[in-house]
Each structure stands twice: as structure tokens, then as C-alpha cells.
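Below you'll find the structure, written out as C-alpha cells, and then a few comments.
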Amino acid sequence: LGLCFLHDNGIVHQDLKPANIMVSSSGHVVISDFGASTFLPFSFDFEDFSADFLDSKPKKVFHSIVLPSNALVSLTPLYAAPEIRQRDPVGHVIYDHNVDWWSLGVTLYELATG
């Protein structure tokens, strides 16, 4: 649920790993260490926007992050998705919120296999 909340609000954690997933004293899972996190660029979709603006809001549409060739990416290599570790032919790094799902999958695999 925490990861869905972040992504619904356009936030990519970028460094999800066991050290950044904790359990509170009340038993709730808490995601920590947002030092590498970033916001996804977005635009508004006015297609379903009602003329009665009090009853509806335009939908946010999130886009991929494109980092220039000279950008440094903060990550933990063992938990980083392939797309955030690689550059395209021009040297850009292009990724979106799915890098967090990859990291969560690696974490769950570790949890299941030891």
C-alpha cells in the first residue's frame, strides 16, 4: 500500500531495499530513506474534465524520468532495476515508477529464499 501511495502521488523511491523497509512498534510496515527519491514529471489530462469544475478535476498523467548523459544516479546495485542501471545509445537514463516494483521483487525473493 505504501508503494502504491507513493506512485499515485508521482514519487519514485529509487532505493527500495530491506534496509529501507521497517516495521513500526504498532506492526505497520514503514518505507524509509527518501534521500534518492524523485518526483515523476506529469501533465494534466483534460479529456474527461467536466464543465462543472467543482465536481471534477483533471487527471494527472505521469511520464518517465529522462536523465541526461552526465547525470549521476543514486542506487544500490543489487536492488536496482535494469533500466535505471543502463543508458540508452545517446547516454540518457530513462525510467519510471516500475523501478520500485523491481526492487520490491528482489527484496521479496531474498525474504523467501534467505
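Here the sequence shown is numbered in our numbering, starting from 1 and rising by one per residue. Here a beta-carbon is modelled for each residue, glycine too, at the ideal position from N, C-alpha and C.
| Asked | Found |
| --- | --- |
| Note down the Cα distance separating Q14 from E47, rounded to an integer number of angstroms. | 31 angstroms |
| Any idea which residues DSSP pairs K17 with across the strands? | Answer is none; K17 lacks a bridge partner. |
| In its own chain, which residues sit with a C-beta less than 8 angstroms from the C-beta of S74, not counting the 5 before and 5 after it? | Q14, D15, G35 and A36 |
| Threshold first: 4 residues or longer. Then list the alpha helix (DSSP H) segments lying entirely within the stretch 47-107, N to C. | 82-85 |
| So the candidates are H97, S32, Y79 and V66; which of them puts its Cα closest to the Cα of R87? | V66 |
| By DSSP, does D45 sit in helix, in strand, or in coil? | strand |
| On the DSSP bridge assignment, give the partners of H39 in chain order. | The question names His, but residue 39 in the sequence shown is Phe. For F39, which the question treats as bridged, DSSP gives the partners I11. |
| State buried or exposed for Y109, treating a residue as buried only when at least 16 other CB atoms are found within 10 Å of its CB. | exposed |
| Return the residue from the list V106, T76, I11 and I31 that minimises the CA-CA distance to T38. | I11 |
| From D33 to N20, what does the alpha carbon distance come to, in whole angstroms? | 6 angstroms |
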